[in-house]
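To keep things clear, I will list the structure first and then write my remarks on it.
Protein chains in written order, with our numbering: chain A, 242 to 568; chain B, 296 to 659.
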């Protein structure tokens with residue numbers, strides 16, 4: 242199987258789906274002539290033309306809403322936010338229009354749209370360009386929220402998201418675009434939404450990690466293996482709907498859980514996972530669910546402070562040792 | 296505001312001398328009638344009568360809605376269209392069935408004009424399963440996919456980017472469908488308006504932006520909210536064609552819309568229409584309306600769009616007294632039927648609470 246970067250895997254998904262369905266179009270800032278701020282859309286303008294690969298003005302609310310309107314009448318837009326930080330300007334259209342249209346129209350207007358782009362922490366870009374917003378979007382019924390952690394997942398999940406008939410928030414991790422992995426080159430390769438992936442099997446503790454935290458959790462699991470602790474690493478991949486069944490099955494086996502996330506802890510996805518586990522598998526827990534989250538501060542610029550704001554291998558190792566009562 | 300005229304009215308007079316009523320209602324009415332008479336020749340009798348009947352239907356429908364709201368039959372917010380009938384009905388009379396309409400939360404008239412039955416609109420107000428959104432949308436969220444009525448949007452200006460996207464899709468697919476996007480003048484202060492007009496002209500999209508300038512955003516007059524109150528002029532910033540239209544003259548609205556429709560259909564070009572109108576009722580049913588004077592309202596009621604049209608129809612001998620009575624009776628019957636239908640319809644089934652959240656639900 243070819244080994245490609247996350248960036249290339251996403252590019253393949255976009256290209257294949259746009260070739261597959263003429264109603265799919267891509268719009269966003271710098272996606273066409275500039276080839277994408279992160280080069281995810283490289284080559285698409287040349288191959289597919291400016292009718293379908295469209296540079297927008299810097300007008301996030303406007304083009305997000307335009308996409309939703311186009312989706313109401315049969316097109317399947319892919320709206321790229323240069324980063325999800327800028328989606329904050331578009332939340333009225335994402336939440337009040339895209340998420341609610343099917344319901345408030347009594348089932349008449351579904352919105353097949355993908356809002357995608359990089360999210361989470363980036364490299365020293367300061368508070369406004371470096372934040373995790375998945376808990377915002379996951380809050381709303383009507384939206385689906387997807388966060389891949391490997392190139393193969395990125396491709397398979399993006400293809401499914403584009404084919405999905407509901408609005409999908411697809412958050413790519415800005416630090417992970419260069420990560421490499423094996424990716425099927427089969428145009429029919431998809432990964433269903435709402436299915437978690439067990440990234441590593443284990444018996445002593447479960448680490449639930451998403452996006453950037455998956456490779457960090459896997460490194461922590463390697464370190465813990467050497468310390469005699471066998472960790473299972475579960476990547477939900479889809480945040481809404483959350484494949485809680487796979488997580489619960491793991492908890493029943495390991496009886497100990499750490500949730501690793503780069504987002505802020507308060508009202509975060511980790512809090513939701515913890516609550517679900519408490520409701521569904523309380524009797525199986527041998528220790529309280531432990532969260533390892535990003536620091537509860539706006540992202541600082543200084544390299545040393547930024548490093549401290551994002552969870553690392555040591556913190557996850559310590560958390561697993563804590564729920565296993567090893568120290 | 297006591298007995299003083301609000302300053303919003305005086306601004307209107309300064310800006311629009313042709314609409315000023317300083318000469319008194321009689322003179323104003325006369326001027327408009329003259330204007331309407333000149334339109335009458337261009338339009339067939341059947342369409343004229345249909346327009347009149349629709350305006351009357353909406354008026355009586357809204358009066359009945361107010362009654363039902365006061366009786367506790369309709370919940371939530373209820374924004375009536377009384378006084379503005381010429382705008383929705385004039386504009387929608389200028390498009391085809393396959394064209395699209397999107398509007399704000401003051402939408403009962405647009406829904407009816409686009410072809411949704413008064414029964415389904417009233418049932419939606421009642422929150423019944425037979426409503427045009429199955430009772431899940433309410434007064435502010437009416438939809439009909441078959442009729443290309445795309446809502447019913449309740450965040451001020453939210454429908455403007457949506458309509459721009461619908462127009463984008465028409466061009467993308469190569470159809471000649473046009474989109475009418477209605478919004479109040481208060482929406483012009485939202486970023487969504489400016490962002491949309493910029494894209495519409497940049498990409499040449501067949502969208503007609505119809506600003507229903509009823510001169511108040513809830514209780515705040517235009518002049519208290521907008522630094523430059525000449526809305527049609529704002530189109531200059533985006534190089535968009537624009538017209539100022541007398542929104543009490545249904546045929547003027549229709550003709551301006553026809554011109555915009557031609558531009559959109561033939562050349563994929565957007566237009567901004569500023570249609571000056573006035574709502575005779577409060578912002579919503581819960582509005583005591585103490586921000587404007589009785590005198591101001593009455594002065595605008597002298598230019599009641601239905602009165603103006605009926606006067607012209609009478610004067611030109613298009614409708615006789617008995618025909619007027621017949622239409623009034625028909626409309627009354629339609630509205631009574633709508634109420635009866637809504638009253639008799641079932642509430643949504645409890646299982647509807649969890650349907651229509653996702654088109655592709657994923658079972659976990």
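We put the beta carbon where it would ideally sit given N, CA and C, even for glycine.
Look at residue 322/A here: in three-state DSSP terms it is coil, with no helix or strand label. What residue 494/B touches in chain A, judged by beta-carbon distance under 9 Å, is 297, 298, 300, 303, 304, 307, going in chain order.
In this structure, DSSP gives residue 414/B a helical state, which the three-state scheme calls helix. Looking at the DSSP output, residue 362/A shares a beta bridge with no other residue.
Taking a cut-off of 8 Å on C-beta distances, the stretch 391-404 of chain A does not touch the stretch 369-378 of chain A, as fewer than three cross pairs fall below it.
Beta bridge pairing from DSSP links residue 533/A with 501/A. Under the rule that a run must span 4 or more residues, the alpha helix (DSSP H) segments found entirely inside the stretch 440-487 of chain A read 454-467. Using a 10 angstroms sphere on the CB of residue 388/B, the tally of other CB atoms reaches 16 or more, which defines it as buried. If you compare the alpha carbons of 512/B, 407/B, 462/B, 653/B with that of residue 345/A, the shortest gap goes to 653/B.
Contact of residue 428/B with chain A by beta-carbon distance below 7 Å involves 345, 346, 347.
Around the CB of residue 242/A, fewer than 16 other CB atoms lie within 10 Å, so the residue is classed as exposed.
In this structure, DSSP gives residue 488/B a helical state, which the three-state scheme calls helix. Secondary structure of residue 508/A (DSSP, three-state): coil. Against chain A, the CB of residue 409/B has no partner CB under 9 Å away; the residue lies outside that interface. Within the stretch 392-427 of chain A, the complete beta strand (DSSP E) segments of 3 residues or longer fall at 409-414, 421-423, listed in chain order.
Contact check for residue 355/A against residue 402/A passes: the beta carbons are separated by less than 9 Å.
When rounded, the separation of the alpha-carbon atoms in residue 322/A and residue 277/A is 10 Å. With a cutoff of 9 Å on beta-carbon distance, residue 557/A and residue 454/A are scored as near each other.
Residues of the same chain with a CB within less than 6 Å of the CB of residue 328/A, apart from the 5 flanking positions on each side, are 322 in chain order. Neighbours of residue 392/B in chain A, taken as residues whose beta carbon is under 9 Å from its own, are absent, since the nearest beta carbon is some 15 Å off. Setting aside the 5 residues that flank it on each side, residue 576/B is surrounded in the same chain by 375, 377, each with a C-beta closer than 6 Å to its C-beta; the list follows chain order. Under the 10 Å beta carbon count, residue 414/B is surrounded by 16 or more other beta carbons and is classified as buried. Between the alpha carbons of residue 631/B and residue 479/B lies a distance of about 29 Å. In the three-state DSSP reduction, residue 516/B falls in the strand class (E or B). Closest option to residue 599/B, judged by alpha-carbon separation, among 585/B, 622/B, 573/B, 620/B: 573/B.
Within chain B, the residues whose beta carbon sits less than 7 Å from that of residue 333/A are 450, 453, listed in sequence order.
Residue environment analysis places residue 412/A among the buried positions, since at least 16 neighbouring C-beta atoms fall within 10 angstroms of its C-beta. Contact with chain B is found for residue 433/A, since one of that chain's Cβ atoms lies less than 9 Å from the residue's Cβ. If you draw a 10 Å sphere on the C-beta of residue 617/B, you find fewer than 16 other C-beta atoms in it, and that means exposed. Beyond the five residues adjoining it in sequence on each side, residue 326/A comes within less than 7 Å, by CB distance, of 369, 370, 372 in the same chain, given in chain order. Using a CB distance cut-off of 9 Å, residue 414/B does not count as an interface residue toward chain A.
Below the 9 Å Cβ cutoff, chain B contributes 653, 654, 655 as neighbours of residue 406/A, in chain order. For residue 569/B against residue 527/B, the beta-carbon gap comes to about 4 Å, under 8 Å, which counts as contact. Residue 372/B is positioned such that its CB atom lies no closer than 9 Å to that of residue 513/B. Here residue 488/A is near residue 477/A, since their CB atoms are less than 9 Å apart.
For residue 345/B, the enclosing alpha helix (DSSP H) has its first and last residue at 340-365.
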